[in-house]
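Note that our numbering numbers the sequence shown so that position 125 is 128, with each residue one more than the last. Only one structure is covered here, and it is reproduced in the block below.
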Amino acid sequence: MQKSPWLIILLAATVAITPFAVDTYLPAIPVIAQDLNAHIGTVQQSLSIFLAAYGAGMLLFGPLADKLGRRPLAIFGIAGFALASFFLAWTHNIHSFLIGRALQAFCGAAATVIVPGIIRHVYKEHLAKGMSYMSLIMMLAPLLAPSIGSAILYFSSWRSIFIAIASYAAILFFFVWKYLPEPGANTIGGEPKKNITFLSGYKTVFARADARPLIATIMFSSFSFFCYLTAIPFVYIKYFGVSEQIFGILFGINIVLLMTSSFINSRYVSRYGSPHMVRIALSVAVVLALLLCTFNILKLDIVFTVVTLAPLMGCLTMISTNTDAMIVLKFPDHSGTATAVTGTLRYGSGALAGPILAMSHSDTAVPFSVLMLTGVLGIVGCQLWNRYAYTQ
Numbered sequence: 004m005q006k007s008p009w010l011i012i013l014l015a016a017t018v019a020i021t022p023f024a025v026d027t028y029l030p031a032i033p034v035i036a037q038d039l040n041a042h043i044g045t046v047q048q049s050l051s052i053f054l055a056a057y058g059a060g061m062l063l064f065g066p067l068a069d070k071l072g073r074r075p076l077a078i079f080g081i082a083g084f085a086l087a088s089f090f091l092a093w094t095h096n097i098h099s100f101l102i103g104r105a106l107q108a109f110c111g112a113a114a115t116v117i118v119p120g121i122i123r124h125v126y127k128e129h130l131a132k133g134m135s136y137m138s139l140i141m142m143l144a145p146l147l148a149p150s151i152g153s154a155i156l157y158f159s160s161w162r163s164i165f166i167a168i169a170s171y172a173a174i175l176f177f178f179v180w181k182y183l184p185e186p187g188a189n190t191i192g193g194e195p196k197k198n199i200t201f202l203s204g205y206k207t208v209f210a211r212a213d214a215r216p217l218i219a220t221i222m223f224s225s226f227s228f229f230c231y232l233t234a235i236p237f238v239y240i241k242y243f244g245v246s247e248q249i250f251g252i253l254f255g256i257n258i259v260l261l262m263t264s265s266f267i268n269s270r271y272v273s274r275y276g277s278p279h280m281v282r283i284a285l286s287v288a289v290v291l292a293l294l295l296c297t298f299n300i301l302k303l304d305i306v307f308t309v310v311t312l313a314p315l316m317g318c319l320t321m322i323s324t325n326t327d328a329m330i331v332l333k334f335p336d337h338s339g340t341a342t343a344v345t346g347t348l349r350y351g352s353g354a355l356a357g358p359i360l361a362m363s364h365s366d367t368a369v370p371f372s373v374l375m376l377t378g379v380l381g382i383v384g385c386q387l388w389n390r391y392a393y394t395q
């Protein structure tokens, strides 16, 4: 399999279906709630349902990709994702909408779970170079998606957003069917296949005491991140009263800060090391999370929320990126297993954000701010635990 730039573009387009499915509909959440005659908290839970179904799909389709091949799974996943997206465009009650989101995520997992294996097969020892393209797409997709959703919402209805997502998936299906190759049938990334189940991988990863606080750090940072994703449409559009178009701009500002954080980290992590970068980012995150809570308790203007929230998300990204690296370094012979386990737990913990926000809903930005602070303080506890584990 050649290192064709077209193959990377195809894989990147496949990976992008998840952030597009998550972020494109965010500006429409209040409108969806009104149209389906549902509480906005219930519609917000569709994000948690999406994440839970995506995590379940990763567990199922990860081993199947090794047994059945990556190409058939990608074709199945993209086709199912497109059909689920069309279904969402024609739902007329909240229950059908939530079911459609679960099906969309579950099928999307089948398509995206195959990408790292193909990149590893193509790039071999230069895996980091290939994955850097994926990271760029994962940043650009959520940067563009809310603005695309806002533009569609301005000219049409929220249903057109899901028609656009389905159309994108249908076009992608054609190119995957025609051009996506299948890596060697008996190898994974050039190595013999191993029958590694999730449970055995779970045992391998958690057998090391010094890995547990790092995994817990990932879970708390993911919880904070998805608290942001779940609550921010309500906070910006309903609470602060901005338009869907301004929401897209504000959301884009946060993504730019995420990209800036990744750039800063790439420049300095080799000099100072991942643990030191985590400590710096966490120190700043604690201050910003406290300020965010204070500003929203005092009901200050949206400007105060924006100037604290954007760099806070950048800090969380830096914490998560470096912690991921530290986990992989601890499992040189089981890096794929460690990545799969932490990925599933990341989405599982993120899925908790919706129900907790719904239970604490108060028509203000305070519950969201408090939960963000709780996640950051949870990371502090994990880092203290991590220091203890390293000394044992």
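Quick reminder that beta carbons are idealized off the backbone N, C-alpha and C, glycines included.
* Asked: Between the C-alpha atoms of residue 309 and residue 384, what's the straight-line distance to the nearest angstrom?
  -> 26 Å
* Asked: Helix, strand or coil: which one does DSSP assign to residue 78?
  -> helix
* Asked: Taking Cβ to Cβ, would you say residue 316 is nearer than 9 Å to residue 261?
  -> yes
* Asked: In chain order, what residues of the same chain lie with their CB nearer than 7 Å to the CB of residue 321, ignoring the 5 residues before and after it?
  -> 264, 268, 280 and 284
* Asked: By how many angstroms is the C-alpha of residue 302 removed from the C-alpha of residue 243?
  -> 10 Å
* Looking at C-alpha atoms only, which residue of 389, 179 and 230 is the closest neighbour of residue 10? -> 179
* Going by Cα to Cα distance, which pick from 211, 240 and 48 is closest to residue 230? -> 48
* To do: Classify residue 323 as buried or exposed, calling it buried when 16 or more other Cβ atoms lie within 10 Å of its own Cβ.
  => buried
* Asked: Over what stretch of residues does the alpha helix (DSSP H) that includes residue 213 continue unbroken?
  -> Element bounds for residue 213: n/a, residue is neither H nor E.
* Helix, strand or coil at residue 3 [DSSP, three-state] -> Because the chain spans 4 through 395 in this model, residue 3 falls outside it and cannot be assessed.
* Measuring alpha carbon to alpha carbon, tell me which of 116, 90, 52 and 77 ends up nearest residue 105. => 52
* Asked: What runs of the alpha helix (DSSP H), each 4 residues or longer, lie entirely inside the region 333 to 377?
  -> 338 to 353 and 356 to 362
* Quick check: the region 362 to 379 against the region 244 to 252, are there 3 or more CB pairs under 8 Å? -> no
* Asked: Between residue 232 and residue 25, which are expected to be in contact by the criterion C-beta below 8 Å, what is the C-beta distance as a whole number of angstroms?
  -> 7 Å
* Tell me the start and end of each unbroken alpha helix (DSSP H) in the region 84 to 127 that is at least 4 residues and wholly inside, in chain order. => 97 to 115 and 118 to 126
* **Local conformation of residue 28 per DSSP, three classes** => coil
* Asked: By a C-beta neighbour count over all protein chains shown, 10 Å radius and 16 as the cutoff for buried, is residue 306 buried or exposed?
  -> exposed
* Asked: Around the C-beta of residue 389, are 16 or more other C-beta atoms found within 10 angstroms, so that it is buried, or is it exposed?
  -> buried
* By the 10 Å Cβ neighbour count, where 16 or more other Cβ atoms means buried, how is residue 171 classified, buried or exposed? -> buried
* To do: Tell me, please, whether the region 50 to 66 touches the region 149 to 159 by the rule of three or more beta-carbon pairs shorter than 8 Å.
  => no
* Whether residue 228 touches residue 371 by CB criterion (9 Å) -> no
* Assign residue 325 to buried or exposed, taking buried as 16 or more other Cβ atoms, counted over all protein chains shown, within 10 Å of its Cβ. => buried
* Any idea if residue 93 is buried or exposed, counting beta-carbon neighbours within 10 angstroms, 16 or more meaning buried? -> exposed
* To do: Have a look at 81, 314, 68 and 367 and flag the residue whose alpha-carbon is nearest the alpha-carbon of residue 174.
  => 81
* To do: Measure the alpha-carbon distance for residue 32 versus residue 274 and round it to whole angstroms.
  => 43 Å
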